[in-house]
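For reference, the structure discussed in these notes is given below.
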Amino acid sequence: MQKEILTELEDLRDETEFIINNQEIVENKHVENYLRSFERIRNNLFNKIKLSNKYEVNEQDKITYLNDRYSATVENDVLKIYIPEVIPKYKNINNCAYKNIMLNVMDKTKEYKDLFNKELVFVFIKVVENQKNIDIDNKFIKPIVDGLVLSKVIADDNINNMFYGVLGTTNKKKKPYTEVYVFRGEKMLDFIKNQIEADTK
């Protein structure tokens, strides 16, 4: 394992040295590529050493993927999840982005384990962006559903346990975000109707 970690660090060192030593030719695209590599390597290192804060450290020194701006609440048998970012498109998804969303959804919903047991549930995903035209069919929603399965809010993501829908809306006054609602399947029609009516007011 140590050899693998050293290899990752050597790769990062080489890319860091390139950025530092070639400032006169470095462009934004180089910086963006470097940041992507940095995040990929960081993610790989976390996976390899199974970092879970097992050793005693100060609270502020803990390293985690989790984002405190994510939240989950239950009201009237509806689980609502707030995701403070837009779900990425299929073509833009990477392992880091996938795990970030999945692990945060899992963490915020784990207290609602077995909420729906093995019932058929509907997962309603509402994507709010600043732009007018949203290609909602390009959104990659799998990390949301996988997070719900990992937290055992839903038993599985097969057709016997869940189905889903995605709604895209525009709000230029707020930063982009995503809301997820999970509830029993028989409530689907009334819930969607209420959502559409609220968005068109």
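By our numbering, the letter at position 42 of the sequence shown is numbered 48, and the numbering carries on one by one without gaps. Note that beta-carbon positions come from the ideal geometry of N, C-alpha and C, so glycine has one too. Quick caveat, the model's predicted, so the values are computed rather than measured.
- For the pair of segments examined, the region 103-115 was found not to touch the region 166-179: the number of CB pairs separated by less than 8 Å stays below three.
- In summary, residue 96 is exposed, with fewer than 16 beta-carbon neighbours lying within 10 Å of its beta-carbon over all protein chains present.
- Taking C-beta atoms as the reference points, residue 92 and residue 191 fail to come closer than 7 Å.
- Here DSSP, grouped into helix, strand and coil, assigns residue 135 to strand.
- Less than 7 Å divides the Cβ of residue 129 from the Cβ of residue 170.
- Judged by DSSP secondary structure, residue 86 falls within the beta strand (DSSP E) whose first and last residues are 84-89.
- Cα atoms of residue 114 and residue 103: separation of roughly 17 Å, rounded to the nearest angstrom.
- From the listed residues 31, 159, 28, 135, the smallest Cα separation to residue 185 is found for 135.
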